[in-house]
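Undergrad: Pasting in a structure now, in structure tokens, and then I'll have a few things to ask.
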Amino acid sequence: MNLSTKVGSFALSNPFIAASGTYGYGTEYGDLSPAKEWGAVILKSVSKNPRPGNVPPRCCETDSGMINSIGLANVGLEKYMAEKLPAFASANPDAVCIASLAGETLDEFLHLAEKLSGNSTIKAFELNISCPNVAKGGMHFGADCSASRQLVQEVKKISSVPVWVKVTPSTTDPVGVASVCAEAGADAVVATNTIPAMKIDITRCRPALGNTFGGLSGPAIFPASLRIAYMIHRALPQLPLIGCGGVDCGEKAVQYILAGCSAVEIGTATFRRPDTLAEVKQFLKDYMEKMGFKTVEDFRGLAAR
Amino acid sequence: MKILEKGIVVSNFEKARNLHFMEIRVPKISGLVKPGNFVSLLPPASSGAFLRRPFSVAGTGDESLKLVIRDIGKATHAITSLRDGDAIDVLGALGNSYPDFEPDKKIWLLGGGTGIASLLFLYGVHNNPDDRILWGGKCAKELPETSECTLATDDGSCGECGNVVEVTRRWLASDKPDYIVACGPRGLLKGVQQLASEYNISAWMSCEEFMACGMGACAGCAVPLAAGGYARVCADGPVFKAEEVVL
Chain A
103 MNLSTKVGSF
113 ALSNPFIAAS
123 GTYGYGTEYG
133 DLSPAKEWGA
143 VILKSVSKNP
153 RPGNVPPRCC
163 ETDSGMINSI
173 GLANVGLEKY
183 MAEKLPAFAS
193 ANPDAVCIAS
203 LAGETLDEFL
213 HLAEKLSGNS
223 TIKAFELNIS
233 CPNVAKGGMH
243 FGADCSASRQ
253 LVQEVKKISS
263 VPVWVKVTPS
273 TTDPVGVASV
283 CAEAGADAVV
293 ATNTIPAMKI
303 DITRCRPALG
313 NTFGGLSGPA
323 IFPASLRIAY
333 MIHRALPQLP
343 LIGCGGVDCG
353 EKAVQYILAG
363 CSAVEIGTAT
373 FRRPDTLAEV
383 KQFLKDYMEK
393 MGFKTVEDFR
403 GLAAR
Chain B
19 MKILEKGIVV
29 SNFEKARNLH
39 FMEIRVPKIS
49 GLVKPGNFVS
59 LLPPASSGAF
69 LRRPFSVAGT
79 GDESLKLVIR
89 DIGKATHAIT
99 SLRDGDAIDV
109 LGALGNSYPD
119 FEPDKKIWLL
129 GGGTGIASLL
139 FLYGVHNNPD
149 DRILWGGKCA
159 KELPETSECT
169 LATDDGSCGE
179 CGNVVEVTRR
189 WLASDKPDYI
199 VACGPRGLLK
209 GVQQLASEYN
219 ISAWMSCEEF
229 MACGMGACAG
239 CAVPLAAGGY
249 ARVCADGPVF
259 KAEEVVL
């Protein structure tokens with residue numbers, strides 16, 4: 103069975119991509135979930151300077167998922183390039199690696215794109231536009247169409263690899279943001295990111311997370327994320343689209359493809375079952391055989407027509 | 019090395035109120051674990067719990083692991099309700115381990131609640147008759163009968179009267195170990211940190227924090243470091259030098 107797919111012109115051996123923030127720097131899972139078995143893996147978001155991350159507790163469990171407020175903890179660009187990327191390449195010579203870029207200003211995003219553009223390990227960028235935009239008082243880039251447009255346009259000018267944009271569900275108009283990103287030249291849109299959420303610890307009588315709010319992920323968000331992916335595909339059928347949010351089994355991954363996605367990111371489910379990828383790939387093979395589909399493209403978007 | 023293995027429950031005894039001693043057959047993982055390591059169990063689906071749960075290893079048996087689990091929530095209730103022969107998904111060996119302490123050095127192992135688990139393992143492996151292992155709890159109902167541990171209860175209903183830190187302080191009036199290792203609630207660890215500094219004793223502690231991946235990938239289980247920044251309990255720990263972490 104041929105599981106290969108294309109996100110625009112970007113070819114993947116299978117549609118499954120390890121979501122940023124859940125797969126570390128690509129070496130932590132080792133043989134439990136080898137990077138080369140994924141269509142691609144997206145490393146933890148990198149920022150210009152190291153970020154220690156948010157005050158703990160940083161995560162808690164919810165019904166059918168979890169909330170995290172890691173705070174983009176990362177080693178910073180210098181160590182990322184000097185240590186993390188070489189370690190990834192050495193451990194995973196056959197894997198496809200994508201960098202998730204996180205900036206608090208347009209200049210930070212551009213600095214990251216410029217420095218990483220020529221790096222042979224990085225095959226694409228995913229812009230994490232859920233970052234607060236310091237110049238706009240902390241408003242997310244992704245909630246601001248003009249900021250998103252400028253960001254994508256400027257990154258595209260200096261990037262030698264495809265630029266994907268991970269849109270946030272924290273906007274009243276995710277289709278509008280996706281449309282702006284497409285117009286600005288994004289090679290693909292990823293729909294979507296975690297959903298803002300919170301939990302209160304009734305013993306301590308305080309918010310459960312040190313940062314009060316976090317991002318909800320896991321099966322709980324699947325239907326909401328799928329809706330956004332579906333809406334974006336209906337409005338922009340030519341825009342390469344990647345589904346993300348709540349996939350913990352093959353059946354949900356197939357739903358994203360039927361909604362119009364060429365690839366599907368998987369993250370939180372791997373925490374629960376490090377062997378999720380193997381199950382999801384097997385399900386896809388069985389499904390395609392049962393339904394008589396020869397390729398992913400044969401059924402991509404069928405539910406949105 | 020980390021392995022995902024289908025474990026089979028060999029035994030499960032409630033040795034004190036809600037406190038279970040479980041043995042799970044995992045031939046591969048049991049050959050990998052060292053004192054201080056933990057494993058993560060996937061709670062049975064009936065529990066409704068989404069994430070895996072981490073447990074320090076309390077020892078090894080015949081191709082098996084020993085765990086000490088308190089039934090305190092939906093996940094631990096489902097796990098401690100498993101019967102002999104039931105299957106459970108086990109991931110391990112995770113985290114770092116205690117140092118290889120010199121055999122002739124005297125260690126005091128100070129545990130609170132289920133924090134005793136990794137200390138029981140270390141106590142057995144180090145196997146020095148001069149070592150002392152202290153297990154504290156609120157009252158007699160919370161602690162099992164044991165021949166190897168000295169018990170301590172807050173209300174004096176069994177063993178020595180007082181919490182682990184208070185009892186250790188009494189011991190220090192007439193004796194002193196080469197090393198201290200501790201695991202338990204935050205208050206216990208803070209008290210041990212203070213004692214270790216006051217008496218100039220090298221100490222290690224196994225920390226606990228809510229975990230998502232347990233593999234070092236998500237940075238969710240952060241513990242503040244005295245030197246600034248954070249460490250991941252699951253991958254940089256759970257064992258830290260006492261003075262390294264801010265509790």
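Chains A and B supply the protein sequences, listed in that same order. Residue numbers for the first sequence follow my numbering, beginning at 103 and rising by one. Residue numbers for the second sequence follow my numbering, beginning at 19 and rising by one. Just so it is clear, CB atoms sit at the ideal spot from N, CA and C, and this is done for glycine as well.
Is C231 (chain B) close to chain A, meaning its C-beta is less than 8 Å from at least one C-beta of that chain?
TA: For C231 (chain B), the answer is yes, since a Cβ of chain A falls inside 8 Å of its Cβ.
Undergrad: Given a threshold of 16 other Cβ atoms within 10 Å of its Cβ, counted over all protein chains shown, does K159 (chain B) qualify as buried or as exposed?
TA: K159 (chain B) comes out exposed.
Undergrad: Between which two residues does the alpha helix (DSSP H) harbouring D107 (chain B) extend?
TA: Per DSSP, D107 (chain B) belongs to no alpha helix (DSSP H); it is in the beta strand (DSSP E), A105 to L112.
Undergrad: Tell me, which residues are paired with D303 (chain A) by DSSP?
TA: BP columns for D303 (chain A) point to A:R308.
Undergrad: Tell me which residues share the same chain as F228 (chain B) and place their Cβ nearer than 8 Å to its Cβ, disregarding the 5 neighbours each side in the sequence.
TA: Closer than 8 Å at Cβ, skipping near neighbours: G238 and C239.
Undergrad: Could you pull out every residue in the same chain whose Cβ sits closer than 6 Å to the Cβ of A355 (chain A), ignoring the five residues on either side in sequence?
TA: Closer than 6 Å at the Cβ level, and outside the excluded window around A355 (chain A), lie V349, V366 and V382.
Undergrad: Using a Cβ-Cβ cut-off of 8 Å, state whether G154 (chain B) counts as contacting chain A.
TA: Closer than 8 Å: no.
Undergrad: Would you report the Cα separation of A189 (chain A) and A280 (chain A), rounded to the nearest angstrom?
TA: If you take the alpha carbons of A189 (chain A) and A280 (chain A), they lie about 34 Å apart.
Undergrad: Per DSSP, what kind of secondary structure is I219 (chain B) in: helix, strand or coil?
TA: Here I219 (chain B) sits in coil by DSSP.
Undergrad: Helix, strand or coil, according to DSSP, for F385 (chain A) in the structure here?
TA: F385 (chain A) falls in the helix class under three-state DSSP.
Undergrad: Given this structure, state the Cα-to-Cα distance separating K84 (chain B) from F39 (chain B), to the nearest angstrom.
TA: Roughly 7 Å between the two C-alpha positions.
Undergrad: Which residues does DSSP pair with A72 (chain B) in a beta bridge?
TA: The displayed chain sequence assigns Pro, not Ala, to residue 72 (chain B). BP columns for P72 (chain B) point to B:S58.
Undergrad: Below 8 Å on the Cβ atoms is my contact criterion, and I expect I231 (chain A) with K268 (chain A) to pass it. Report the Cβ-Cβ distance as a whole number of Å.
TA: The Cβ separation is near 7 Å, so the contact holds.
Undergrad: So M183 (chain A) packs on N221 (chain A), CB below 8 Å; how close in whole Å?
TA: With 8 Å as the limit, M183 (chain A) and N221 (chain A) qualify as a contact, their Cβ atoms being about 7 Å apart.
Undergrad: Decide if A254 (chain B) is buried, meaning its Cβ has at least 16 other Cβ atoms within 10 Å, or exposed.
TA: Reading off the sequence shown, one finds Asp at residue 254 (chain B), where the question assumed Ala. By the 10 Å Cβ count, D254 (chain B) comes out buried.
Undergrad: Do G320 (chain A) and A299 (chain A) have their CB atoms nearer than 8 Å?
TA: Not closer than 8 Å, so no.
Undergrad: Would you verify that the beta carbon of G110 (chain A) is, or is not, closer than 8 Å to some beta carbon of chain B?
TA: Answer no: the Cβ-Cβ gap between G110 (chain A) and chain B never drops below 8 Å.
Undergrad: Of all the residues that make up the region 370-393 of chain A, which are near chain B by a beta-carbon distance shorter than 9 Å?
TA: Cβ contacts with chain B: T370, T372, F373, R374, R375, P376 and D377.
Undergrad: What are the boundary residues of the beta strand (DSSP E) that includes L218 (chain A)?
TA: That residue, L218 (chain A), is in no beta strand (DSSP E); its alpha helix (DSSP H) goes L208 to S219.
Undergrad: Straight-line CA distance for K387 (chain A) to D289 (chain A)?
TA: One C-alpha to the other measures close to 27 Å.
Undergrad: Whose C-beta lies closer than 8 Å to the C-beta of G167 (chain A) among residues of the same chain, with five residues either side of it excluded?
TA: Correct list, in chain order: L318, S319, G320, P321, A322, I323, G348 and T370.
Undergrad: Comparing the C-beta of G132 (chain A) with each C-beta of chain B, is any distance below 8 Å?
TA: Chain B contact via Cβ: present.
Undergrad: DSSP three-state call for P242 (chain B): helix, strand or coil?
TA: Strand, per DSSP.
Undergrad: Starting from F228 (chain B), follow the alpha helix (DSSP H) in both directions and report where the run begins and ends.
TA: Here F228 (chain B) belongs to no alpha helix (DSSP H), and DSSP marks it neither H nor E.
Undergrad: Per DSSP, what kind of secondary structure is E256 (chain A) in: helix, strand or coil?
TA: Here E256 (chain A) sits in helix by DSSP.
Undergrad: Let me see if you follow: with CB-CB separation under 8 Å, is A191 (chain A) close to chain B or not?
TA: Taking Cβ atoms only, chain B never reaches closer than 8 Å to A191 (chain A), which makes this a no.
Undergrad: Just the Cα atoms here: how many angstroms apart are R88 (chain B) and A406 (chain A)?
TA: Their backbone Cα atoms lie some 49 Å apart in a straight line.
Undergrad: In terms of alpha-carbon separation, which member of B:Y248, B:R204, B:L265 and B:V44 lies closest to N176 (chain A)?
TA: N176 (chain A) has its Cα closest to that of B:Y248, out of B:Y248, B:R204, B:L265 and B:V44.
Undergrad: Label C225 (chain B) either buried or exposed according to how many other C-beta atoms from any shown protein chain fall within 10 Å of its C-beta, with 16 as the threshold for buried.
TA: Label assigned to C225 (chain B): buried.
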